[in-house]
Amino acid sequence: MPKSYLSQAVSTLKPSGIRKFFDIAATMENVISLGIGEPDFATPQPIIDAGIRSLQQGETHYTSNMGLLELRQAISANLEDLYGVHYDPLSEIVATVGVSEALYLAFTALLNPGDEVIIPTPCFVSYQAEVALAGGVPIEVYTNMEDNFQPNPAVIAKAITPKTKAILLGYPNNPTGAVASHENMQAIADLAEQHDLVVVSDEIYDRLVYNHKHVCFPALPGMHDRTILLGGFSKSYAMTGWRIGYAAGPANLIQGLVRIHQYSIMSAPTISQYAALEALRVGEPYVQDMLAEYDRRRKLIYNGLNELGLPTFEPHGAFYVFPNIQHTGMDDETFAERLLKEEEVAVVPGSSFGPAGAGFVRCSYATNYNLIEAALEKIGRFLRRL
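Heads up: the sequence shown begins at 150 in this note's numbering, then just goes up one per residue.
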């Protein structure tokens, strides 16, 4: 056996639990997927047209490392309109290849070896990995269904040590659909100020909130200068394949991200930047239409799972539900694998999102209403056989 030339950081990374089940599902026909966290809507036509138009007009070259100034101006105006938080488009916003790149840039720029980052879990699968790849140490603090998967400031406070550098927040939350309360976010803000911590706030689902108000973390008093805000277009505008997002924050931090971005990426895709600019100009009616349809699906799957006897927290953001399957006697991996093989319904084991997710599965309602109805019938049949 030849020796491995891979770094220790890469060798010890766990493969994504989401990818495992997608790979199995890809070998099967007629699978109803409640697994993928991607809108089933096509990108709205005016946004597609803007991308095509940019190609036709010869906009096929690099942009500034930070992205088109017009796009950064539009992002700045949008954040100020929505949340009253201001960023200078010249120095405090960088366009990135989705929020995934923004997350990578943030931790590569922030962390020294051994720095700790506190992460409320369950959380998106990349969070711990990005911290570890940057040389940091992810410190998971659990949230639970009894508290509506809210980040608990008291638990976070106990996790703070002299090595703590940052807190990573992802609300509205993937995988639970939780929306953080203003009270809890303010308490976390107080902790960040008290202990001089940076907060990285992933708010990619900020526009997908139902019957609640999204709390934009850097808009809280005193948080603008110690927060890196991550946002994008994939979820709200159905633009996952365009791979366009952004990071916003104080100039000294953003310039750190740009130093890495300029050597690893150069600039986000030009065609995607023009499409994102058009999304901010004309996309609001489409966002509202998609939000209304997601809400209709949310009610269907939330009520349906509870009626089937799977205790399910009511999600108020993103497009996921997170039912508890512990009473079935199976762990979440076994439940997901058997449901896929026996009824051809794909869900994601909750433990893929950290140990706090064990005993749950994630179901996405970013799929057709009729398919959700069919999936519920199949899940019911599966449960009755148990």
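Cβ atoms here follow ideal geometry from the backbone N, Cα and C, with glycine treated the same way.
- Task: Excluding the 5 residues preceding and the 5 following V274 in the sequence, name in chain order all residues of the same chain whose CB lies nearer than 8 Å to its CB.
- Result: Position 125 of the sequence shown, counted from the first residue, corresponds to residue 274. Only S165, G166, I167, S501, F502 meet the Cβ criterion.
- Task: Report the partner residues of D351 according to the DSSP bridge assignment.
- Result: Position 202 of the sequence shown holds residue 351. For D351, which the question treats as bridged, DSSP gives the partners G319, L379.
- Item | For A191, the first and last residue of its enclosing beta strand (DSSP E) | For this step, residue 191 is matched to residue 42 along the sequence shown. Looking at the DSSP string, A191 is not in any beta strand (DSSP E), and its letter there is neither H nor E.
- Item | Collapsed DSSP secondary structure at G498 in the structure displayed | Walking along the sequence shown from the start, residue 498 turns up at place 349. Gly is not the amino acid found at residue 498; the sequence shown has Pro there. DSSP, reduced to helix, strand and coil, places P498 within a strand of the structure shown.
- Query: Measuring CA to CA, which of Y276, L162, V246 is closest to W391?
  - Reply: Position 242 of the sequence shown, counted from the first residue, corresponds to residue 391. The shortest Cα separation from W391 among Y276, L162, V246 belongs to V246.
- When the Cα atoms are used, what is the spatial distance from A524 to C512? Here residue 524 is taken as the residue at index 375 of the sequence shown, counted from 1. Here residue 512 is taken as the residue at index 363 of the sequence shown, counted from 1. In this structure, the alpha-carbon of A524 lies about 10 Å from that of C512.
- Query: Which term fits P498, buried or exposed, when burial requires 16 or more other beta carbons within 10 angstroms of its beta carbon?
  - Reply: On the sequence shown, position 349 is the one that residue 498 refers to. It is buried - the Cβ of P498 has at least 16 other Cβ atoms within 10 Å.
- Item | Length at least 4, wholly inside the region 364-428: the alpha helix (DSSP H) runs in chain order | 400-413
- Within the region 432-477, note down every full alpha helix (DSSP H) run reaching 4 residues or more, in order along the chain. 433-456
- V358 - containing beta strand (DSSP E), residue span: In the sequence shown, residue 358 corresponds to position 209, counting from 1. Note, V358: premise wrong, no beta strand (DSSP E); not H, not E.
- Item | Cβ neighbours of A191 in the same chain (closer than 7 Å, five flanking residues each side left out) | As a first step, residue 191 must be located in the sequence shown, where it is residue number 42. Hits under 7 Å: A387.
- Under 7 Å between the Cβ atoms of T310 and A283? Stepping through the sequence shown from its first residue, residue 310 is reached at position 161. Stepping through the sequence shown from its first residue, residue 283 is reached at position 134. Taking 7 Å as the Cβ cut-off, T310 and A283 do not qualify as a contacting pair.
- Report, in whole angstroms, the separation of the C-beta atoms of F462 and A428, which I expect to be a contact under 8 Å. Residue mapping note: residue 462 aligns to position 313 of the sequence shown, counting from 1. Residue mapping note: residue 428 aligns to position 279 of the sequence shown, counting from 1. Between F462 and A428 the beta-carbon gap is near 31 Å, outside 8 Å, which marks them as no contact.
- Query: Taking C-beta to C-beta, are A278 and L162 nearer than 7 Å?
  - Reply: Residue 278 sits at position 129 when you count from the first residue of the sequence shown. Residue 162 sits at position 13 when you count from the first residue of the sequence shown. Closer than 7 Å, so yes.
- Secondary structure of V243, DSSP reduced to three states: Here residue 243 refers to the residue found at position 94 of the sequence shown. The answer is strand: DSSP assigns V243 an E or B state.
- Query: Whose C-beta lies closer than 7 Å to the C-beta of G529 among residues of the same chain, with five residues either side of it excluded?
  - Reply: Against the sequence shown, residue 529 aligns to sequence position 380. Within the same chain, G529 has close Cβ partners L457.
- Please work out which residues of its chain come closer than 6 Å, Cβ to Cβ, to K307, disregarding the five sequence neighbours upstream and downstream, and give them in chain order. Against the sequence shown, residue 307 aligns to sequence position 158. So the list is empty, once near-sequence residues are dropped.
- Is it true that the CB of Y423 sits closer than 7 Å to the CB of A199? Translated into positions along the sequence shown, residue 199 becomes position 50. Translated into positions along the sequence shown, residue 423 becomes position 274. Going by C-beta atoms, A199 is nearer than 7 Å to Y423.
- Can you grab the Cα-Cα spacing for the pair P367 / K490, in whole Å? Residue mapping note: residue 367 aligns to position 218 of the sequence shown, counting from 1. Residue mapping note: residue 490 aligns to position 341 of the sequence shown, counting from 1. Near 45 Å, if we compare the C-alpha coordinates of K490 and P367.
- Task: Rounded to whole angstroms, what's the CA-CA distance from Y232 to N179? Just pull it up for me.
- Result: Position 83 of the sequence shown holds residue 232. Position 30 of the sequence shown holds residue 179. Using only the alpha carbons, I get a separation of about 43 Å.
- Taking all protein chains shown into account, decide if N538 is buried (16 or more other Cβ within 10 angstroms of its Cβ) or exposed. The structure shown does not extend to residue 538, since the chain spans only 150 to 535, so no value can be given for it.
- Message: Using 7 Å as the threshold, is the C-beta distance between T419 and E208 below it?
- Response: Residue numbering aside, residue 419 sits at position 270 when the sequence shown is read from its first letter. Residue numbering aside, residue 208 sits at position 59 when the sequence shown is read from its first letter. Less than 7 Å separates the beta-carbon of T419 from that of E208.
- Task: Please classify P287: does DSSP put it in a helix, a strand, or coil?
- Result: As a first step, residue 287 must be located in the sequence shown, where it is residue number 138. In the structure shown, P287 sits in a strand (DSSP, three-state: E or B).
- Could you check which residue in G371, M177, V328 has the C-alpha nearest to that of A341? Numbered from 1 along the sequence shown, position 192 holds the residue referred to as residue 341. Nearest of G371, M177, V328 to A341, Cα basis: G371.
- Task: Measure the beta-carbon distance from E505 to T313 and round it to whole angstroms, keeping in mind my assumption that it falls under 8 Å.
- Result: In the sequence shown, residue 505 corresponds to position 356, counting from 1. In the sequence shown, residue 313 corresponds to position 164, counting from 1. The sequence shown places Ala at residue 505, rather than the Glu named in the question. With a Cβ gap of about 19 Å, A505 and T313 do not count as contacting.
- Message: Buried or exposed, going by whether 16 or more other CB atoms sit within 10 Å of the CB of V159?
- Response: Taking the sequence shown and counting its residues from 1, the one referred to as residue 159 is at position 10. Looking at its Cβ environment, which holds fewer than 16 other Cβ atoms inside 10 Å, V159 is exposed.
- Would you say G326 and Y443 are within 7 Å of each other, going by their C-beta atoms? Walking along the sequence shown from the start, residue 326 turns up at place 177. Walking along the sequence shown from the start, residue 443 turns up at place 294. Cβ atoms of G326 and Y443: not closer than 7 Å.
- Query: Considering only C-alpha positions, which residue in the set L252, K527, L488, P321 is nearest to N360?
  - Reply: Counting from 1 along the sequence shown, the entry for residue 360 is found at position 211. Closest by alpha carbon: P321.
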